[in-house]
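*Asks:*
Numbering (my numbering), first residue to last: 7 to 205.
#1: According to DSSP, simplified to helix, strand and coil, what is residue 177?
#2: On the three-state DSSP scale, how would you describe residue 83?
#3: Is it true that the CB of residue 156 sits closer than 8 Å to the CB of residue 91?
#4: Taking C-beta to C-beta, are residue 186 and residue 139 nearer than 8 Å?
#5: Is the distance from the Cβ of residue 6 to the Cβ of residue 45 below 8 Å?
#6: Taking only the alpha-carbon atoms, compute the straight-line gap between residue 150 and residue 188 and give it to the nearest angstrom.
#7: Going by the CB atoms, is the gap between residue 49 and residue 191 shorter than 8 Å?
#8: Would you report the Cα separation of residue 62 and residue 42, rounded to the nearest angstrom?
#9: Output needed for residue 47: all residues of its chain with C-beta closer than 7 Å, excluding positions within five of it in sequence on either side, in chain order.
#10: Pick out whichever of 66, 161, 80 and 107 has its Cα sitting closest to the Cα of residue 144.
#11: What does the alpha-carbon distance come out to for the pair residue 182 and residue 68?
#12: For residue 191, does the three-state DSSP call read helix, strand or coil?
#13: Report the three-state DSSP secondary structure of residue 46 (helix, strand or coil).
#14: Assuming residue 178 and residue 167 are in contact, meaning their beta carbons sit under 8 Å apart, how far apart are those beta carbons, in whole angstroms?
#15: For residue 85, I'd like the list of residues in its chain whose CB is within less than 7 Å of its CB, leaving aside the five on either flank, ordered along the chain.
#16: On the three-state DSSP scale, how would you describe residue 164?
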């Protein structure tokens, strides 16, 4: 075999090796980019769902407060029974396998936690109508805050930009937090007064 042929074969084999490595690298990094993009898309979809649900919770919180006012006006408990903590489900089609297992667990646990909060509220619906409306308002604030916190973590972990709420939602988190704190403090004062009256 001539020297020229040997050199030519070395050149061909070397070029093939470089081409294989280059193709493999492009395929690998392309796959990594696609996975990250899918993770961001799944995280964004989940976060938007949670943020939308937090808005629903604030609406329910306000409806519960209005229902209490309607009871006095109508002399009927009917307005109270029309309010309830809204249902929550993530939209179909979220690629759960695209996001980290930890994030998936937190998101799915939240979805399962909401029905337990609904059951807790319904347990007292017919015992104390005023207490029921208060529970709806309190739980709506609590669940709404939890949804916003989870949405924030989901965005941060997956490289999704922070949520910039529209003008009408600029005070969403502070509204929920303020009402939650007000009701919690009122309940603590009531419990303390009740305890002191028994001693």
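Ideal Cβ positions, reconstructed from N, Cα and C, are used throughout, including at glycine.
Note that the structure is a prediction, hence the values are computed from the model and not measured.
*Replies:* With the given structure in hand:
#1: Of the three classes helix, strand and coil, the one that applies to residue 177 here is coil, per DSSP.
#2: In the structure shown, residue 83 adopts coil according to DSSP, grouped into three states.
#3: Contact flag unset, no.
#4: Cβ atoms of residue 186 and residue 139: not closer than 8 Å.
#5: It is not possible to answer for residue 6, since the shown part of the chain is limited to 7 through 205.
#6: Using only the alpha carbons, I get a separation of about 15 Å.
#7: No, the Cβ-Cβ distance between residue 191 and residue 49 is not below 8 Å.
#8: One C-alpha to the other measures close to 30 Å.
#9: Within the same chain, residue 47 has no close Cβ partners at all.
#10: Nearest option by C-alpha distance: 66.
#11: Their backbone Cα atoms lie some 10 Å apart in a straight line.
#12: Three-state result, residue 191: helix.
#13: In the structure shown, residue 46 sits in a helix (DSSP, three-state: H, G or I).
#14: For a cut-off of 8 Å, the C-beta gap from residue 178 to residue 167 is around 17 Å, too long to register as a contact.
#15: The answer, listed in chain order, is 73, 76 and 77.
#16: In the structure shown, residue 164 sits in coil (DSSP, three-state: anything other than H, G, I, E or B).
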